[in-house]
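So that you can map any letter, position 219 of the sequence shown is 519 in the working numbering, and since no number is skipped, the others follow by simple counting. The beta carbon of each residue, even a glycine, is placed where N, CA and C say it ideally should be. Input: a single structure, listed below in C-alpha cells.
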Amino acid sequence: MSRRFLIAGNWKMNKTPSEGHELASGIGQFVKKDESVEVVVCPTYPALDRVSQAIEGTAVKLGAQNLYPKASGAYTGEISAEMLRAVFVKYVILGHSERREYFAESDDFINDKVKFSLENLLHPILCIGETLEQREAEQTLDVVKKQLLGGLEGVSKADLNNVVIAYEPVWAIGTGKTATPEMAQEVHAFIRKLLTEAYDDNASQKTRILYGGSMKPSNAADLLAQEDIDGGLIGGASLEVNSFCDLVDAARNAG
Ligand code: 13P
301 MSRRFLIAGN
311 WKMNKTPSEG
321 HELASGIGQF
331 VKKDESVEVV
341 VCPTYPALDR
351 VSQAIEGTAV
361 KLGAQNLYPK
371 ASGAYTGEIS
381 AEMLRAVFVK
391 YVILGHSERR
401 EYFAESDDFI
411 NDKVKFSLEN
421 LLHPILCIGE
431 TLEQREAEQT
441 LDVVKKQLLG
451 GLEGVSKADL
461 NNVVIAYEPV
471 WAIGTGKTAT
481 PEMAQEVHAF
491 IRKLLTEAYD
501 DNASQKTRIL
511 YGGSMKPSNA
521 ADLLAQEDID
531 GGLIGGASLE
541 VNSFCDLVDA
551 ARNAG
C-alpha cells in the first residue's frame, strides 16, 4: 500500500500575520501544482487568513493548531470548526504534547475534538507520544496505546480515512534530540498494529503516521525511509522557507 507523504509545519506560537504571509508565499512558490507530497502549514489563528491568501492557487494546504469542540457560543478565547473552515483550513493538530502538558488536555477532551473535527469536515492530526520519564520507565508502548485508542474512541473505520496520526516523542520536541530511525519505526509499526486490531488491515495500511521531534533536513531522509513513517510534523525547521522546502524535497526523494 503506498501512502502519500505528508509534510506539515507546526508554527506553534511563532510568526505574525505578515511574517506568516511571507513564509507561506515562499513555500507556495516551491510546491508544485501536481506535487507528489502533501504539504500543510499550520500558523497561529491571527495569521490563518493571510496565510490562506498567500497559498491560494498553490498546492499548499492550511492547518490550524487547535479548535474547540462546540459549534459556537460563550467559550471565551476559543475557536470553532466553522471559523476555521471559513478561512479554508483543512487540517487541525489535536492533542499536541504542549497542549497536554500546559493546558492539561486529557484523552477524553482530545477525543471530543477529534470527533467534532470529523463531523465538521476537518482532518485531525492526532498527536501522541511519551515523555522521557515514561520512555526510561519502559512505558512508551503503553502510553502510545492509551493516547491512540483514547483519541480515536468512537471514530468509525470510514472516518479513520480522514485522520492522520503523529508520533511525537516529547523528549525529542525542540531539543535537537531525534529518535533514531529504528526507534521511531518500532513505535510507528506498533501504532499500525494497534490500528489493524482496532479497525482492520486495510484501514490501518491507509492511515498516515507522521514522525515529529527535531526533524530537520539532515535527518529526514533516514526517518522517511522507514516503512511506517509517512511524513513529518515539523516545528523549528518549518519556520524558514529553505529548511521546510528541503524537508518537502526529502519526502519527494523518499517517495
Ligand atoms: P520540533 O521540530 O521543533 O522539535 O517540534 C516538533 C513538534 O512539536 C511538531 O508538532
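Within its own chain, the residues whose Cβ lies closer than 8 Å to the Cβ of Arg385, once the five positions on either side in sequence are excluded, are Asn420, Leu421 and Leu422, listed in chain order.
With fewer than 16 other Cβ atoms inside 10 Å of its own Cβ, Pro346 counts as exposed.
Straight through space, the alpha carbons of Thr316 and Asp500 are spaced by roughly 43 Å. Under the three-state reduction of DSSP, Pro346 is assigned to helix.
Note: Val340 is bridge-paired with Ala308 and Lys361 in the DSSP secondary-structure output.
In the DSSP assignment, Leu426 is bridged to Leu394 and Ile465. No Cβ-Cβ contact shorter than 7 Å links Ile428 with Tyr391.
In the structure shown, Val389 falls within a strand segment according to DSSP collapsed to helix, strand and coil. Taking the Cβ of Asn310 as the reference point, at least one heavy atom of ligand 1 falls within a distance shorter than 6 Å.
The alpha-carbon separation between Asp528 and Ala374 amounts to approximately 42 Å.
Residue state for Ile509 is assigned as strand, using DSSP reduced to three classes.
Under the 10 Å beta carbon count, Asn411 is surrounded by 16 or more other beta carbons and is classified as buried. According to the DSSP assignment, Leu494 belongs to no beta strand (DSSP E) but to the alpha helix (DSSP H) extending over Pro481 to Ala498. Taking 7 Å as the cut-off, the Cβ atoms of Ala308 and Val340 count as close. Counting C-beta atoms within 10 angstroms of its own C-beta, Gln365 has 16 or more neighbours from the protein chains shown and is therefore classed as buried. About 5 Å separates the beta carbon of Gln526 from that of Pro481, a gap short enough to meet the 8 Å contact definition.
When DSSP states are grouped into helix, strand and coil, Leu460 belongs to the helix group. In the structure shown, the three-state DSSP call for Gly532 is strand. Per DSSP, reduced to three states, the secondary structure at Pro369 is coil, with no helix or strand assignment. In its chain, beyond the 5 residues on either side, Pro369 have a beta carbon closer than 6 Å to the beta carbon of Phe416. Distance check between Asn519 and each of Ala404, Glu497 and Ala551 places Ala551 closest, using alpha-carbon atoms only. DSSP, reduced to helix, strand and coil, places Ile327 within a helical segment of the structure shown. Within 6 Å of the C-beta of Leu394 there is not a single heavy atom belonging to ligand 1.
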